[in-house]
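Here's the structure we're looking at; comments come further down.
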Amino acid sequence: MIDILKNRKTIRKYTNQAIEEDVLIDILEAGVRASTTGNMQVYSIVVTKDDAMKEKLAPCHFNQPMVKQAPVTLTFCADFNRFNLWCQQNNAEPGYDNFLSFVTAAIDALLVAQNVCVAAESKGLGICYLGTTTYMADKIIDVLKLPNGVVPITTVTLGYPDEDPAQIDRLPLEAVLHQETYKDYTQEQISKLYATKESLEENIAFVKENGKETLAQVFTDVRYKKADNEHFSKQLLGVLKAQGFM
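Have a look at this one:
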């Protein structure tokens with residue numbers, strides 16, 4: 001298991017081999033053994049296999065090709081709807097129409113998603129995490145017919161790999177590890193910790209092709225711009241209000 005975790009890769013191209021139903025169920029059953037707040041399991045997983053449904057989902061993920069190519073797409077949702085219904089049917093008044101409850105359910109959903117990813121990779125499958133889910137949550141809600149109390153948190157495509165890409169770089173462990181209390185970073189430490197990432201040929205090319213001076217500028221000015229972050233933040237807050245979490 002440690003080897004699987006240390007050697008994992010993001011897979012964006014898949015063969016046309018279907019995922020056997022017993023394999024998929026085994027993976028999902030492993031997923032739902034994840035830790036969960038108060039043993040409430042306030043999440044749901046929507047499985048998409050149908051080509052017509054993939055066509056509808058694809059624009060919600062900026063038409064990234066893996067959504068339609070992968071045999072299975074999994075949408076992990078924060079879900080208090082089911083728990084609320086259970087409470088109401090048992091003379092209990094739910095008090096989960098608030099931001100804290102959304103965060104609780106979102107954490108639950110992400111823990112399950114990670115379990116599913118590791119289980120899938122242990123079966124020889126490849127996965128790709130789609131960060132577009134929260135950007136386009138309102139559109140995904142419409143496509144998947146998610147009721148009040150349910151918000152999509154992340155999406156994972158799943159299939160047998162049709163590529164063997166290089167492993168993506170990560171910061172060294174010392175960059176993210178703090179002993180006992182948080183120790184803030186000096187300028188010298190920041191330079192050292194990001195030096196390898198900045199020196200990679202693909203990142204040097206990334207800077208050049210975007211007409212920037214530094215890799216950091218690619219992130220702030222091109223990939224994750226302030227204006228976009230503010231736009232999607234406002235949009236997501238609207239979704240939370242519409243779905244009963246605000």
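Numbering (full-length UniProt numbering), first residue to last: 1 to 246. Yeah, the Cβ is synthetic: ideal placement off N, Cα and C, and Gly gets one too.
Would DSSP call residue i helix, strand or coil?
i: Y194; result: helix
i: G149; result: coil
i: P161; result: strand
i: D79; result: strand
i: M10; result: Residue identity check: residue 10 is Thr in the sequence provided, not Met. T10 falls in the strand class under three-state DSSP.
i: H61; result: helix
i: G38; result: helix
i: V143; result: helix
i: E201; result: helix
i: E20; result: coil
i: G238; result: helix
i: G211; result: coil
i: N90; result: coil
i: G95; result: coil
i: F245; result: coil
i: T104; result: helix
i: V32; result: coil
i: H178; result: coil
i: K56; result: helix
Looking at the strands, I want to know which residues DSSP matches up with residue i.
i: V47; result: L74
i: C128; result: T157
Could you tell me the alpha carbon to alpha carbon distance between residue i and residue j, rounded to whole angstroms?
i: V42; j: I141; result: 17 angstroms
i: G38; j: I204; result: 46 angstroms
i: L24; j: N115; result: 13 angstroms
i: F245; j: P147; result: 12 angstroms
i: T155; j: L130; result: 5 angstroms
i: A70; j: S44; result: 20 angstroms
i: K225; j: D26; result: 40 angstroms
i: T73; j: E201; result: 32 angstroms
i: A119; j: E93; result: 36 angstroms
i: V222; j: T132; result: 16 angstroms
i: G238; j: A30; result: 33 angstroms
i: K241; j: N229; result: 18 angstroms
i: Q189; j: Q217; result: 19 angstroms
i: S35; j: V112; result: 8 angstroms
Within 10 angstroms of the Cβ of residue i, are there 16 or more other Cβ atoms? Answer buried if so, exposed if not.
i: A18; result: exposed
i: E209; result: exposed
i: H61; result: buried
i: Q243; result: buried
i: I168; result: exposed
i: N63; result: exposed
Is the stretch 119–126 in contact with the stretch 160–172, if contact means three or more CB pairs nearer than 8 angstroms?
Contact holds between the stretch 119–126 and the stretch 160–172, because three or more Cβ pairs, one in each stretch, are under 8 angstroms apart.
Could you check whether the stretch 92–99 touches the stretch 166–185, counting it as contact only if at least three pairs of C-beta atoms, one from each stretch, sit closer than 8 angstroms?
With the cut-off at 8 angstroms, the stretch 92–99 and the stretch 166–185 do not touch.
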